[in-house]
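Note that the protein sequences, when read in sequence, are chains C and P.
Take the first sequence: its letter number 8 is residue 8 in the UniProt record's numbering, and every next letter is one higher.
Take the second sequence: its letter number 177 is residue 177 in the UniProt record's numbering, and every next letter is one higher.
Contents: one structure, followed by commentary.
2 protein chains.
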Amino acid sequence: MAPTSLRDTVLAAAVDYIADNGPDGLSFRQVAIAAGVSHQAPYHHFSDRRGIFQAIATEGYELFTTAMLESLAAEPDDPTTALLEAYVNFALDHRGHFRVMFRPDLCAIADSPELQRMADGSFDVLVDHVRDLLGPKAPLKDIRARAAAMWSMAHGLSTLLIDGPLEAKIGPVSSRRALIRAVAEQSGLASPKKRR
Amino acid sequence: MAPTSLRDTVLAAAVDYIADNGPDGLSFRQVAIAAGVSHQAPYHHFSDRRGIFQAIATEGYELFTTAMLESLAAEPDDPTTALLEAYVNFALDHRGHFRVMFRPDLCAIADSPELQRMADGSFDVLVDHVRDLLGPKAPLKDIRARAAAMWSMAHGLSTLLIDGPLEAKIGPVSSRRALIRAVAEQSGLASPKKRR
DNA sequence: CCCCACCCTTGACACCGTCAACTTCTGCGA
DNA sequence: TCGCAGAAGTTGACGGTGTCAAGGGTGGGG
């Protein structure tokens, strides 16, 4: 109905497929005929298979950055937990994008300057927050370690939830929000402001 | 030289390939002819492509469990950090196995009882440690959250290091050991015994 | 009217996973 | 010793996939 270009149609179909089935089975041809065009039509919009993944990742990082920024604005009391929650929520609600964004073999971030810029932007949100939290004169070493810790926690929780093993072992997660908050509490990452 | 069976040859070749190039480009036929046999020979040892991945994952979980247990025995003073380090070290030193173990779409853990059992065994090492750490009468909720936090941290750090983005953003990691310890310190996960 | 740029189609090629049938080897009971 | 069953490996074929090459049709500017 909407005057979506073939490019947008293909992209949306690919994201949907990846969210359900993972990126690996994605078939260029299948997506094309699903969009009602010949198997070669998408090649006019993407250089090759990798081009589709790069486009998805670029779109993903854009959504990702705004989601994190919004979470910081919405919950200034405990920004660390807010960021953590935004990260996991994005991963679970945009699996199609997330699954591609962190697969360098698929999207070859270094090959696309635009994609590289988008990815850097997302990461800067995290580092800026850590710098803010530890104060301007904190040693760089601590900032890097803290950023790595937060990123690892958020990324690990996201991937373990998406791929399933965490819920399989630890039992069904009734409330995503409660789990994230409990994890932030059990690790020492929750921001001190809110500590009781 | 060694009297390795075709099965072992194929498995080793596949693990090597995956460590370098990721699991997705792995070609059944290529591995076969690299082993000097016809493209159909491996089918006598693995039901299909997924069978190879299941075998790799099973082997991986076995190595993984013993690595974690050994780390606990070697460093009883700070078992949490020891476990974290063992996790990350295993991931980086056995990328071929690690990349497959946490890809349910590849190895379909639920379809292989043996694999399922191995995976459960690995996870039990973690949960037993947390139960030990928090004491026998800690609420189940806390145990679950703590285990999820530790697992997420270790898994996130591992995947971010393997896939590259962490080092790309945070600078080259001179000492893996130092990074892991700094991260454990910055989060609150390091065991209290060693806290100064 | 012609021409060209753009979007798309058709056709071909090599490679892949897998099914099926064939050959070769090996061990073992009669 | 013979015979044979089963495992191990080979060859051939089929449909599906990514990608290269060439062709078609269409609309707008000279």
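Glycine included, C-beta positions come from ideal geometry on N, C-alpha and C.
*Using the Cα positions of A91 of chain C and S5 of chain P, report the straight-line distance between them to the nearest angstrom.*
For A91 of chain C and S5 of chain P, the distance between alpha carbons rounds to 42 Å.
*In the DSSP assignment, find the alpha helix (DSSP H) that holds K169 of chain P and state where it starts and stops.*
P165 to I170
*asked:* Just to check my reading of the structure: D24 of chain P and D24 of chain C have Cβ atoms closer than 8 Å, yes? What is that Cβ distance to the nearest angstrom?
replied: Rounded, the Cβ-Cβ distance is 5 Å, consistent with contact.
*Taking 7 Å as the line, does the beta carbon of R49 of chain P fall inside it for any heavy atom of the ligand SAM?*
As for the ligand SAM, it is missing from this structure, which has no ligand bound.
_Residue-level contact to chain C via CB, Q186 of chain P, 8 Å cutoff_ = yes
*Selection from C:A190, C:V15 and C:S187 that minimises the alpha carbon distance to D93 of chain C*: C:V15
*If you follow the alpha helix (DSSP H) that I56 of chain P is part of, which residue opens it and which one closes it?*
R49 to A74
_Against chain P, which members of the stretch 106-129 of chain C pass a CB distance test of less than 7 Å?_
F123
*Can we say the stretch 146-153 of chain P touches the stretch 175-183 of chain C, given the rule of at least three CB pairs closer than 8 Å?*
yes
*Looking at the structure shown, is R103 of chain C part of a helix, part of a strand, or coil, going by DSSP?*
coil
*Once you ignore the five residues that flank L160 of chain C on each side, which residues in its own chain have a CB closer than 7 Å to its CB?*
In chain order, L166 place their CB closer than 7 Å to the CB of L160 of chain C, counting only its own chain and leaving out the 5 sequence neighbours on each side.
*If you scan the stretch 108-171 of chain C from start to end, which runs of the alpha helix (DSSP H) of 4 or more residues do you find wholly inside it?*
113-134, 140-163 and 165-170
*Does any residue of chain C bring its CB to less than 8 Å from the CB of A182 of chain P?*
yes
_Just checking: is the beta-carbon of I18 of chain C within a distance shorter than 8 Å of some beta-carbon in chain P?_
no
*In chain C, which residues lie with their C-beta within 7 Å of the C-beta of I170 of chain P?*
R144, A147 and A148
_Please classify P42 of chain C as buried or exposed, where buried requires at least 16 other C-beta atoms within 10 Å of its C-beta._
Flag for P42 of chain C reads buried.
*Closest Cβ-Cβ distance between L83 of chain C and chain P: below 8 Å?*
No, because no Cβ of chain P sits closer than 8 Å to the Cβ of L83 of chain C.
*Assuming L11 of chain C contacts A55 of chain C under a Cβ cut-off of 8 Å, what Cβ separation, rounded to an integer in Å, is found between them?*
Yes, they are in contact, since the Cβ atoms of L11 of chain C and A55 of chain C sit about 6 Å apart, within 8 Å.
*So what does DSSP say about P23 of chain P, is it helix, strand or coil?*
coil
*Leaving aside the five residues before and after Q116 of chain P along the sequence, list all residues of the same chain whose C-beta is less than 8 Å from its C-beta, in chain order.*
I109 and A110.
*Counting only beta-carbon atoms, is A14 of chain C nearer than 8 Å to chain P?*
no
*Note down, in chain order, every chain C residue with its Cβ under 7 Å from the Cβ of G164 of chain P.*
P104
*Can you find a CB in chain C that lies within less than 8 Å of the CB of D77 of chain P?*
no
_Where M153 of chain C meets chain P, residues with beta-carbon distance less than 8 Å_ = Neighbours of M153 of chain C on chain P, chain order: A149, S152, M153, G156 and S187.
*Proximal residues to R95 of chain P (C-beta, below 8 Å), its chain only, five neighbours per side dropped*: Same-chain partners within the cutoff: I18, A19 and I162.
*State the DSSP-derived secondary structure class of residue 249 of chain C, mapped to helix, strand or coil.*
What is shown of chain C runs 1 to 196, which leaves residue 249 of chain C out entirely.
*Would you give the residue range spanned by the alpha helix (DSSP H) that V183 of chain C belongs to?*
For V183 of chain C, the enclosing alpha helix (DSSP H) has its first and last residue at R176 to Q186.
*Straight-line CA distance for E59 of chain C to H97 of chain C?*
8 Å
*How about T159 of chain P: is its C-beta nearer than 8 Å to some C-beta of chain C?*
Closer than 8 Å to some Cβ of chain C, the Cβ of T159 of chain P qualifies, so yes.
*Listed in chain order, which residues of the stretch 130-142 of chain C have Cβ atoms closer than 8 Å to some Cβ of chain P?*
K141 and D142
_Alpha-carbon to alpha-carbon, S38 of chain P and A2 of chain C_ = A caution first: A2 of chain C carries a pLDDT of 47, below 50, which makes its placement in the model too unreliable to give a value.
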